[in-house]
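Number of protein chains: 2
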Amino acid sequence: MNIGQAAAASGLSAKMIRHYEHNGLLQPTQRSEAGYRQYQPKDIEILQFIRRARVLGFSLADIAGLLALWQNPQRSNTVVKQVAQQHLAEVEQKLKELQAMKQTLQLMIAQCAADGGAHCAILQHLAKPAAEVK
Amino acid sequence: MNIGQAAAASGLSAKMIRHYEHNGLLQPTQRSEAGYRQYQPKDIEILQFIRRARVLGFSLADIAGLLALWQNPQRSNTVVKQVAQQHLAEVEQKLKELQAMKQTLQLMIAQCAADGGAHCAILQHLAKPAAEVK
DNA sequence: ATGAACCTTACCCACATGGTAAGGTCAAGC
DNA sequence: GCTTGACCTTACCATGTGGGTAAGGTTCAT
Numbered sequence: 003m004n005i006g007q008a009a010a011a012s013g014l015s016a017k018m019i020r021h022y023e024h025n026g027l028l029q030p031t032q033r034s035e036a037g038y039r040q041y042q043p044k045d046i047e048i049l050q051f052i053r054r055a056r057v058l059g060f061s062l063a064d065i066a067g068l069l070a071l072w073q074n075p076q077r078s079n080t081v082v083k084q085v086a087q088q089h090l091a092e093v094e095q096k097l098k099e100l101q102a103m104k105q106t107l108q109l110m111i112a113q114c115a116a117d118g119g120a121h122c123a124i125l126q127h128l129a130k131p132a133a134e135v136k
Numbered sequence: 003m004n005i006g007q008a009a010a011a012s013g014l015s016a017k018m019i020r021h022y023e024h025n026g027l028l029q030p031t032q033r034s035e036a037g038y039r040q041y042q043p044k045d046i047e048i049l050q051f052i053r054r055a056r057v058l059g060f061s062l063a064d065i066a067g068l069l070a071l072w073q074n075p076q077r078s079n080t081v082v083k084q085v086a087q088q089h090l091a092e093v094e095q096k097l098k099e100l101q102a103m104k105q106t107l108q109l110m111i112a113q114c115a116a117d118g119g120a121h122c123a124i125l126q127h128l129a130k131p132a133a134e135v136k
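Which chain is which? The protein sequence lines are V and Y, in order.
Just so we're aligned, residue 3 is where the first sequence starts under the numbering used here, counting upward by one.
Just so we're aligned, residue 3 is where the second sequence starts under the numbering used here, counting upward by one.
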C-alpha cells in the first residue's frame, strides 16, 4: 500500500505521515524499489491510533509515549493514566483561560453600542479596564 | 525611558516590544544617540493596550486593526464590535473543541483501572474507539 | 509513447514567544 | 581613567502542527 492509500485509510494526510516518520513517531517503513513507502494493515492501525490521539489534543511527544506503551506488553496502565491525566489537566487549564476570555469579550461586546459612533466601550476597556488584568 | 523600563511599565517583555515594532504594530520610536529606543508615557499606554488585547486572545493582526481604530477619531464602533464578535466566535469554537476533548478524556480516564496491569481502557479507546471520531 | 496521477525530497510559510550570541553603551565605584 | 555589571542593539534559531510549492522520478492506462 502506498502512502496515498495509507493516508486515505487512516484519515491523515500523506504529508503528515511523512512528518510523523521524520519525527520518530513512526518506524521507517519498507520501501519499494523506486523508494515508495510501503504500508501494511498493521501500519494503518498505528496511523489511526495517532489520528485519534491527535483529535484528543495529545502532543506528538505524548503520542510517541502512548504508542510505545501500546506496543509494550509489559506496560502498566498506571503510566498510561498519568499521561492522560496530565493532558486532561492542560486541557482544563486552557478551557479556563478561554472561558475567561469569552466572559470578558461578551461583557465588552454587550456594552458596545454599535451605533456607528466613535464612542466605544470595547476600546475603552482595552485602554483602561475597570479591573486591571495582569 | 528605555525599553526595559517600558517593558516593566507595560507588563510586556522587551523582546516582544521589539517584535511588535518589527511587525508594524508599533511606530518606530525615537532613538537616543547610541541607538536606544526611547519611550514616552503615551507609548506605555499603547503597550498596555496591546497587552490587554493579547490577554483576551486577539491576534497581532487584530490588534493592529484595533489600535488603528483606537487612534482614529473618525472610527465607527460598529467596526470595533465586528472585530470583537468575530474573535469571540473563534474563542467559542475552540471552547467547543476543548470541551469535547475534555469529555472524552474524562471518560477514558474513568474507565482505566490503573492497577499496574497491562489492560488499559485508554489504549483500547485509542486503538478502536466505541464511536469512531472523524 | 504520452499523459495523468502518484511518489520523492527539500524548502518556505504561519503564529507568538523564548533563547542565544556577539557586540555596543552607560553609570557607579574605585 | 578603568573596570564591572546592567543595560541596549541586531540577527539568528527553536518551538509545534500542519499547509503550500517546487523540481523531479515512477507507475499505469490508453
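All residues carry an ideal CB built from backbone N, CA and C; glycine is no exception.
Chain Y within 7 angstroms of M3 (chain V), Cβ atoms only = As a working mapping, residue 3 (chain V) is identified with position 1 in the first sequence. Chain Y contact via Cβ: absent.
From the beta carbon of M18 (chain Y), is the nearest beta carbon of chain V less than 7 angstroms away?
-> If you number the second sequence from 1, residue 18 (chain Y) lands on position 16. Chain V contact via Cβ: absent.
Which bits of chain Y does K83 (chain V) rub up against, with CB to CB less than 7 angstroms?
-> Counting from 1 along the first sequence, the entry for residue 83 (chain V) is found at position 81. Neighbours of K83 (chain V) on chain Y, chain order: I111, C114, A116 and I124.
Ignore the nearest five residues each way along the sequence and tell me which others in I5 (chain V)'s own chain have a CB closer than 8 angstroms to its CB.
-> By one-based count along the first sequence, residue 5 (chain V) stands at place 3. Hits under 8 angstroms: A16, I19, R20, Y38, R39 and Y41.
Just reading off the alpha helix (DSSP H) that H24 (chain V) is part of, what are its end residues?
-> Residue mapping note: residue 24 (chain V) aligns to position 22 of the first sequence, counting from 1. Judged by DSSP secondary structure, H24 (chain V) falls within the alpha helix (DSSP H) whose first and last residues are A16 to H24.
Return the residue from the list V:L58, V:K44, V:L62 and V:L71 that minimises the CA-CA distance to G119 (chain Y).
-> In the second sequence, the residue the question calls residue 119 (chain Y) occupies position 117. Here the closest residue by C-alpha is V:L71.
D45 (chain Y), enclosing alpha helix (DSSP H) - first and last residue | Residue mapping note: residue 45 (chain Y) aligns to position 43 of the second sequence, counting from 1. D45 (chain Y) -> alpha helix (DSSP H) spans P43 to V57.
For Q87 (chain V), does the three-state DSSP call read helix, strand or coil?
-> Sequence index remark: in the first sequence, residue 87 (chain V) carries index 85 (1-based). Q87 (chain V) falls in the helix class under three-state DSSP.
At 9 angstroms on the CB atoms, spell out the chain Y contacts of G67 (chain V), in chain order.
-> What you label residue 67 (chain V) is simply residue 65 of the first sequence in a count that begins at 1. Within chain Y, not a single residue places a beta-carbon under 9 angstroms from that of G67 (chain V); the smallest gap is close to 11 angstroms.
Could you pull out every residue in the same chain whose Cβ sits closer than 7 angstroms to the Cβ of S12 (chain Y), ignoring the five residues on either side in sequence?
-> The residue labelled residue 12 (chain Y) in the question sits at position 10 within the second sequence. If we look at S12 (chain Y) and ignore the five residues flanking it on each side, its Cβ neighbours are I46, L49, Q50 and R53.
Any beta strand (DSSP E) of 3 or more consecutive residues that is wholly inside the stretch 60-128 of chain Y = Secondary structure in the stretch 60-128 of chain Y: no beta strand (DSSP E) run of 3 residues or longer lies completely within the stretch.
Applying a beta-carbon distance threshold of less than 8 angstroms, which residues of chain V neighbour A8 (chain Y)?
-> Position 6 of the second sequence, counted from the start, is the residue given in the question as residue 8 (chain Y). Under a criterion of Cβ atoms nearer than 8 angstroms, no residue of chain V is adjacent to A8 (chain Y); the nearest Cβ is some 17 angstroms distant.
Whole angstroms is fine: what's the gap from Q101 (chain Y)'s alpha carbon to S34 (chain V)'s?
-> Working through the second sequence from its first residue, we reach residue 101 (chain Y) at position 99. Working through the first sequence from its first residue, we reach residue 34 (chain V) at position 32. Straight-line Cα distance between these residues: approximately 43 angstroms.
Q40 (chain Y) bridges to which residues according to DSSP?
-> Indexing the second sequence from 1 puts residue 40 (chain Y) at position 38. Q40 (chain Y) pairs with Y:Q32.
Is any beta-carbon of chain V found at less than 7 angstroms from that of N25 (chain Y)?
-> Here residue 25 (chain Y) corresponds to residue number 23 of the second sequence, with the count starting at 1. Not an interface residue.
Tell whether a beta-carbon distance below 7 angstroms holds between A63 (chain Y) and L27 (chain Y).
-> Here residue 63 (chain Y) refers to the residue found at position 61 when the second sequence is read from its first residue. Here residue 27 (chain Y) refers to the residue found at position 25 when the second sequence is read from its first residue. The Cβ atoms of A63 (chain Y) and L27 (chain Y) do not sit closer than 7 angstroms to each other.
Does any CB atom of chain Y fall closer than 7 angstroms to the CB of K104 (chain V)?
-> Here the question's residue 104 (chain V) lines up with position 102 in the first sequence. Taking Cβ atoms only, chain Y reaches closer than 7 angstroms to K104 (chain V), which makes this a yes.
Whole-angstrom distance between H24 (chain Y) and Q87 (chain V), CA atom to CA atom | Position 85 of the first sequence, counting from 1, holds the residue named residue 87 (chain V). Position 22 of the second sequence, counting from 1, holds the residue named residue 24 (chain Y). Rounded to whole angstroms, Q87 (chain V) and H24 (chain Y) show a C-alpha spacing of 40 angstroms.
Please classify G13 (chain Y): does DSSP put it in a helix, a strand, or coil?
-> By one-based count along the second sequence, residue 13 (chain Y) stands at place 11. Looking at G13 (chain Y) - three-state DSSP - the assignment turns out to be coil, as it is neither helix nor strand.
Could you give the C-beta distance for L107 (chain Y) and L90 (chain V), rounded to a whole number, given that I count them as a contact under 8 angstroms?
-> The sequence position of residue 107 (chain Y) within the second sequence is 105, counting from 1. The sequence position of residue 90 (chain V) within the first sequence is 88, counting from 1. Between L90 (chain V) and L107 (chain Y) the Cβ distance is about 4 angstroms, and since that is below 8 angstroms, they are a contact.
At 7 angstroms on the CB atoms, spell out the chain Y contacts of L49 (chain V), in chain order.
-> Taking the first residue of the first sequence as position 1, residue 49 (chain V) is located at position 47. Within 7 angstroms Cβ-Cβ: nothing; L49 (chain V) doesn't reach chain Y, min ~12 angstroms.
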